[in-house]
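Written below as structure tokens is the structure these notes are about.
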Amino acid sequence: MSAKEVGTVDPADQQQPAVPEVTDITLEAARKQKIHNLKLKTACLSNEEYVQDLHVSTWSETQRQKLQTAHEKAHELLAAVEGGTKWSLTEAYDIRKLMRVCGLELSVRELYKPEDKPQFMEIVALKKTLNELKQHHNKTRTVSFTGTIDNAIAKLEKIEDELRRSQLDASEMAQVPVAMLKNVEDCMNVTVVQTALLGNEEQIKLQLEAIKKASDIRNVAIADGEMAIAEEQYYIKAQLLEHLVELVADKFRIIGQTEDENKQFSKIHEVQKKSFQEAAAIKDAKRRLKQRCEDDLKSLHDTIQKADLEDAEAMKRFASQKEKSERFIHENLDKQDEAWRRIQELERVLQRLGTERFEEVKRRIEENDREEKRKVEYQQFLDVCGQHKKLLELSV
Numbered sequence: 001m002s003a004k005e006v007g008t009v010d011p012a013d014q015q016q017p018a019v020p021e022v023t024d025i026t027l028e029a030a031r032k033q034k035i036h037n038l039k040l041k042t043a044c045l046s047n048e049e050y051v052q053d054l055h056v057s058t059w060s061e062t063q064r065q066k067l068q069t070a071h072e073k074a075h076e077l078l079a080a081v082e083g084g085t086k087w088s089l090t091e092a093y094d095i096r097k098l099m100r101v102c103g104l105e106l107s108v109r110e111l112y113k114p115e116d117k118p119q120f121m122e123i124v125a126l127k128k129t130l131n132e133l134k135q136h137h138n139k140t141r142t143v144s145f146t147g148t149i150d151n152a153i154a155k156l157e158k159i160e161d162e163l164r165r166s167q168l169d170a171s172e173m174a175q176v177p178v179a180m181l182k183n184v185e186d187c188m189n190v191t192v193v194q195t196a197l198l199g200n201e202e203q204i205k206l207q208l209e210a211i212k213k214a215s216d217i218r219n220v221a222i223a224d225g226e227m228a229i230a231e232e233q234y235y236i237k238a239q240l241l242e243h244l245v246e247l248v249a250d251k252f253r254i255i256g257q258t259e260d261e262n263k264q265f266s267k268i269h270e271v272q273k274k275s276f277q278e279a280a281a282i283k284d285a286k287r288r289l290k291q292r293c294e295d296d297l298k299s300l301h302d303t304i305q306k307a308d309l310e311d312a313e314a315m316k317r318f319a320s321q322k323e324k325s326e327r328f329i330h331e332n333l334d335k336q337d338e339a340w341r342r343i344q345e346l347e348r349v350l351q352r353l354g355t356e357r358f359e360e361v362k363r364r365i366e367e368n369d370r371e372e373k374r375k376v377e378y379q380q381f382l383d384v385c386g387q388h389k390k391l392l393e394l395s396v
């Protein structure tokens, strides 16, 4: 049995140290830990000093002086605003609101404006069209309508002169004679029956001559006993007669077509009647527009008188409100002074609280150091006791 088994203790075991051996590695680790602890405490205390510095401030006094200067300037600026503010409103009170308040009927787009220019280019276009009709290719019709066209041009020139001296828009009025002008043009385009049939009758004449010639040749051939030639001329005559029938049918077609074209003349009365109705409608519309303008003017005049009374009352209310506002501003400044006094008192309280916090945090860090040192010493004590206990138990 070994010495340990019989309960004896080896001298080497008696010389073994009761604490762990301190090596260079242990010392280096302790040094690094100490540096780390120092950094943590330094960072924490530096931040607490910064917090304490934030509690110490002359902000309120500086700000109070700035505000006093700003209030003085504000008083001057307010006076400048009240004395120098001018308004040029363009949309705050628009025409829609005016129409609603005054009960107006006519909108702006229905009224003439000072900058409006007369619109008469349609009249000029009508004159141009009439002058072109005077040069129409159908000379027969041109002669018939020359007087009508000249009278129309003279009236349009008079209308144009009056329009140039006005602000009127003749676009609507210029549409009235368009239908009649179109009817005149259609009538001038109608061809006379005799003229339309000239080509057809010439072809019929030539066809009859050809038929007579074929008959003569046939008769001579029969007399000479040339039956083949006579038979051929029969076929030629039959073909010529068929074509003659087609020409006669075409003649009736031309006559019917010309009669249809001449129906344009039957529309003259209808077109004139419609034009007179349109002209009368435009005149009635202008008369109604004039009456509506006069009604709107009366409503607007009454509204202006009412607005003048309301304006006088508003000025009186404004003067009263301004006086009340002056009292309010003075009282407000007094309340601000009292508030600043309380703020400065609270700043002093904050400074004291900041100092107390710094001292408390500093004490807490020192207490934490002592606690950590105690726990390490206690743990080392337990480790040494445990090691020595094992040796004792092993030696028993």
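Numbering-wise, the sequence shown is residues 1 to 396 according to full-length UniProt numbering.
For every residue, glycine included, the Cβ atom is placed at its ideal position computed from N, Cα and C.
Listed in chain order, the alpha helix (DSSP H) runs fully inside the segment 198–260 amount to none, counting runs of at least 4 residues. For the pair of segments examined, the segment 102–116 was found not to touch the segment 81–88: the number of CB pairs separated by less than 8 angstroms stays below three.
Counting the other Cβ atoms within 10 Å of the Cβ of Q233 gives 16 or more, which makes it buried. Taken through DSSP and simplified to helix, strand or coil, Q119 comes out as strand.
Just so you know, the alpha carbons of E162 and S275 end up roughly 21 angstroms apart. For the 8 angstroms CB-CB criterion, A214 and I222 do not form a contact.
Looking at the backbone, the Cα of T42 and that of R374 are separated by about 21 angstroms. Look at S88 here: in three-state DSSP terms it is coil, with no helix or strand label.
Between the alpha carbons of E226 and I217 lies a distance of about 10 angstroms. In this structure, the beta-carbon distance from E356 to S57 does not fall below 8 angstroms.
When C-beta atoms of the segment 350–367 are compared with those of the segment 21–30, fewer than three pairs fall below 8 angstroms, so the two segments do not count as touching. Here the alpha carbons of E338 and E72 stand approximately 18 angstroms from one another. If you ignore the 5 residues before and after S299, its C-beta comes within less than 7 angstroms of the C-beta of C102, G103 and L104, all in its own chain and listed in chain order. Classified as exposed, L309 has fewer than 16 neighbouring CB atoms from the shown chains inside 10 Å of its CB.
In terms of Cβ geometry, L168 and I149 do not form a close pair [threshold 8 angstroms]. Residues of the same chain with a CB within less than 6 angstroms of the CB of I204, apart from the 5 flanking positions on each side, are L247 in chain order. Counted as a single uninterrupted DSSP element, the alpha helix (DSSP H) harbouring K34 occupies residues D24 to H55. R165 carries a coil assignment under DSSP once its states are collapsed to helix, strand and coil. In the three-state DSSP reduction, S60 falls in the helix class (H, G or I).
Taking a 10 Å sphere around the C-beta of I35, we find fewer than 16 other C-beta atoms and assign the residue as exposed.
Linking V124 to S171 through their CA atoms gives a straight-line distance of about 11 angstroms. Nearest to C44 by alpha-carbon distance, out of I365, Y93 and L392, is I365.
K113 carries a coil assignment under DSSP once its states are collapsed to helix, strand and coil. Taken through DSSP and simplified to helix, strand or coil, G354 comes out as helix. Taken atom to atom, the span from the alpha-carbon of L181 to that of L133 is near 10 angstroms. Distance between T303 and Q291, taken at the CA atoms: about 19 angstroms. Between I95 and M173, the C-beta spacing is not below 8 angstroms. In the displayed model, D94 falls within coil according to three-state DSSP, outside both helix and strand. K390 and D383 have their C-alpha atoms roughly 11 angstroms apart.
With at least 16 other beta carbons inside 10 angstroms of its own, A152 counts as buried. Taking the CA atoms as reference points, E367 sits about 40 angstroms from T62. Rounded to whole angstroms, the gap between the alpha carbons of Y235 and I211 is 11 angstroms. In this structure, Q272 keeps its C-beta atom at 8 angstroms or more from the C-beta atom of L240. The three-state secondary structure of V178, taken from DSSP, is helix. The C-alpha of V396 lies about 30 angstroms from the C-alpha of V376. Between the alpha carbons of L392 and E359 lies a distance of about 49 angstroms.
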